[in-house]
Amino acid sequence: NAGVTQTPKFQVLKTGQSMTLQCAQDMNHNSMYWYRQDPGMGLRLIYYSASEGTTDKGEVPNGYNVSRLNKREFSLRLESAAPSQTSVYFCASSDIAGLFNEQFFGPGTRLTVL
Amino acid sequence: QKEVEQNSGPLSVPEGAIASLNCTYSDRGSQSFFWYRQYSGKSPELIMFIYSNGDKEDGRFTAQLNKASQYVSLLIRDSQPSDSATYLCAVKMMNYGGSQGNLIFGKGTKLSVKP
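These protein sequences, in sequence, are chains A and B.
Its first residue numbered 51, the first sequence is counted upward by one per residue in this note's numbering.
Its first residue numbered 13, the second sequence is counted upward by one per residue in this note's numbering.
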């Protein structure tokens, strides 16, 4: 039982390049989330998927797109990377998107955009 | 503006002491409160959650919630050097990040436990 997995662990991009961050969970959770964490800013929600087939914007969605491929997988795409997107990206999942929103996090992807 | 506020620290306590971590939140309608621990370079790990006013104990950890004062705290008894980490307070707020409500995180308090 791996929990939440993310690939890659590290990535360096040049401005304007694109990439997709992959996330998968094996806990049969309905809801999945993408966050970014920057020094002094805390965790901020980029996009989330309350259930398979749905996605919604979070607090900081600009410059990102997501795909909920199936119940297990939720990917985050940067179409044209910018230095402001240098951050640590965490994927998380939770059983239900309700009151008991206990979220479990993946190990993170450390992205640098030059 | 929906906010979760924490003292950034660092909070330094001697080994064996009680560490007290505090969090205030802006949305009076919030119902669920979570404490995560994050070691340097690692991902957040859930350690406690609380929904009702009062105290909730789990081993050396006690979460305290006062909805009237919009205040939640985490006490760590018999602190150990292995407790040295950043502690994130998270609050489920309706209409944050979408109509279903999602977690909003504080910026975290860095705790250092000195041997």
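All C-beta atoms, glycine included, are put in the ideal place defined by N, C-alpha and C.
The structure presented is a predicted model; accordingly, all values stated were derived computationally and were not measured.
Identity of the residues DSSP links to residue i by a beta bridge
{"i": "N34 (chain B)", "result": "B:S85"}
{"i": "G92 (chain A)", "result": "A:D88"}
{"i": "P26 (chain B)", "result": "B:K126"}
{"i": "E123 (chain A)", "result": "A:A74"}
{"i": "V163 (chain A)", "result": "A:L63"}
Closest residue to residue i among the options (Cα-Cα distance)
{"i": "M77 (chain A)", "options": "A:G108, A:N112 and A:D145", "result": "A:D145"}
{"i": "A100 (chain A)", "options": "A:M91, A:N80 and A:A52", "result": "A:N80"}
{"i": "M60 (chain B)", "options": "B:S81, B:T121, B:P26 and B:L86", "result": "B:L86"}
{"i": "V116 (chain A)", "options": "A:V110, A:K107, A:R122 and A:L126", "result": "A:L126"}
{"i": "P56 (chain B)", "options": "B:T98, B:L23 and B:P93", "result": "B:T98"}
{"i": "G21 (chain B)", "options": "B:E15, B:N114 and B:C35", "result": "B:C35"}
{"i": "E152 (chain A)", "options": "B:S32, B:Q18 and B:I62", "result": "B:I62"}
{"i": "S91 (chain B)", "options": "B:G66, B:P26, B:D70 and B:Q18", "result": "B:P26"}
Residue burial classification, residue i (beta-carbon count within 10 angstroms, cutoff 16)
{"i": "V62 (chain A)", "result": "exposed"}
{"i": "Q87 (chain A)", "result": "buried"}
{"i": "I30 (chain B)", "result": "exposed"}
Chain B residues whose Cβ lies nearer than 8 Å to that of residue i
{"i": "M91 (chain A)", "result": "K119"}
{"i": "P157 (chain A)", "result": "K54 and S55"}
{"i": "F60 (chain A)", "result": "In chain order: nothing, as chain B lies at least about 11 Å away."}
Under 9 Å from the C-beta of residue i: neighbouring residues of chain A
{"i": "L58 (chain B)", "result": "E152, Q153, F154 and F155"}
{"i": "F45 (chain B)", "result": "Ordered by position in chain A, no residue passes the 9 Å Cβ test against F45 (chain B), which lies about 11 Å from the chain."}
Interface partners of residue i on chain A, CB under 7 Å
{"i": "F61 (chain B)", "result": "E152"}
Chain-ordered chain B contacts of residue i [CB-CB under 9 Å]
{"i": "F124 (chain A)", "result": "Those do not exist, as F124 (chain A) stays about 14 Å from chain B at its closest Cβ, beyond 9 Å."}
If contact is defined by three or more beta carbon pairs under 8 Å, each pair taking one atom from either stretch, is the region 73 to 89 of chain B in contact with the region 37 to 49 of chain B? At 8 Å Cβ cutoff, the stretches touch.
Does the count of Cβ pairs from the region 119 to 138 of chain A and the region 56 to 76 of chain A closer than 8 Å reach three? Output reads yes: the region 56 to 76 of chain A touches the region 119 to 138 of chain A.
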